[in-house]
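The structure appears below as structure tokens.
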Amino acid sequence: MKNILLVCNQGMSTSFLVEKMKTVAKNENLAIHIWAVSDAELNDNWEQADIILLGPQVGYLKANTEKVVQHSKPVEVIDFVDYGRANGKAVLDKALKIIEAKG
Amino acid sequence: MEGNELIAFQIISNVGMAKSKFIAGLNFAKLNDYVNAEAAIIEGQTFLTAGHKIHSDIIQQEAQGHKTEFSLLLMHAEDQFMTVETLKLIIVELIAMRKEFIRV
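So the sequence lines, in the order shown, correspond to chains A and B.
Each residue of the first sequence is one higher than the one before, starting from 0 at the first, in numbering that gives the first Met the number 0.
Each residue of the second sequence is one higher than the one before, starting from 0 at the first, in numbering that gives the first Met the number 0.
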């Protein structure tokens with residue numbers, strides 16, 4: 000079971016993207032836990048995640064997030080073109096590739 | 000994804016990138032690196048302009064009688080846009096002030 004955590008300001012548009020990603024995962028029969036939180040909730044959520052994806056609007060938090068997770072797992076900013084199209088498949092594929100490369 | 004959802008996401012994505020760039024600019028200024036600070040502001044402005052273009056397109060369409068269906072997501076996009084516009088004004092001012100005070 001892989002765990003993908005998305006982080007943005009209020010978790011609104013990102014939770015929308017999460018739904019798209021879940022649909023893709025379900026259609027491809029992938030057992031993946033995907034969830035979205037606001038940046039304020041990062042502390043309570045990062046330990047369960049295999050990768051942390053930041054929305055483009057919180058890309059400036061990348062360095063800080065890496066510090067919070069003590070560089071123990073990948074932290075990536077979602078490509079703004081993929082985000083702008085709420086392209087769940089592209090975001091999911093890229094995240095899985097990074098997890099595999101790491102693991 | 001299509002229609003209104005796509006429009007809202009395009010706005011959120013572009014103004015979101017703008018926000019990140021403006022804050023990166025402020026962080027450069029805090030290191031007294033005004034060259035990179037200015038470059039980041041210009042980059043941010045490009046994203047903000049792209050978001051503005053998408054937004055003004057739907058306003059013009061509405062003026063021509065093609066109403067955009069209202070949604071919470073679209074309101075959220077406008078909220079983000081407005082916030083980043085304000086943030087830009089403040090950050091540009093903060094960088095200018097910092098530059099000025101460093102000289103004194």
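A virtual CB, placed ideally from N, CA and C, is assigned to each residue, including glycine.
Check, Outcome
"If distances are taken between C-alpha atoms only, which option among A:Asn-28, A:Leu-41, A:Ala-89, A:Pro-55 comes closest to A:Val-67?", "A:Leu-41"
"Determine whether the beta carbon atoms of B:Leu-73 and B:Ala-7 lie at a separation below 8 Å.", "yes"
"Under 7 Å Cβ-Cβ, which residues of chain B neighbour A:Gly-54?", "Gly-15"
"Hey, could you find the ends of the beta strand (DSSP E) A:Ile-51 is sitting in?", "50–53"
"Whole angstroms are fine: how far does the CA of B:Asn-3 sit from the CA of B:Phe-69?", "8 Å"
"Along chain A, which residues have their Cβ under 8 Å away from the Cβ of B:Ile-22?", "Tyr-59"
"Enumerate in chain order the residues of its own chain whose CB-to-CB distance from B:Val-83 is below 6 Å, with the five nearest sequence positions on each side excluded.", "Val-14, Ala-17, Lys-18"
"Quick check on this structure: which residue in A:Ala-85, A:Ala-62, A:Ile-50 has the alpha carbon closest to the alpha carbon of A:Glu-99?", "A:Ile-50"
"Based on the DSSP secondary-structure assignment, which residues constitute the bridge partners of A:Trp-34?", "A:Leu-4"
"Mind checking who A:Val-74 pairs with in its DSSP beta bridge?", "A:Ile-51"
"In angstroms, rounded to a whole number, what distance separates the CA positions of A:Val-90 and A:Asp-81?", "7 Å"
"So the candidates are B:His-65, B:Ala-36, B:Ile-101; which of them puts its Cα closest to the Cα of B:Ile-90?", "B:Ala-36"
"Please compile the residues from chain A whose C-beta is within a distance smaller than 9 Å of the C-beta of B:Phe-8.", "Ser-12, Phe-15, Leu-16, Tyr-82, Gly-83, Arg-84, Ala-85"
"My guess is that B:Ile-10 and A:Tyr-59 are in contact by the Cβ rule of under 8 Å, so how many angstroms apart are they, rounded?", "Not confirmed; about 19 Å, so no contact."
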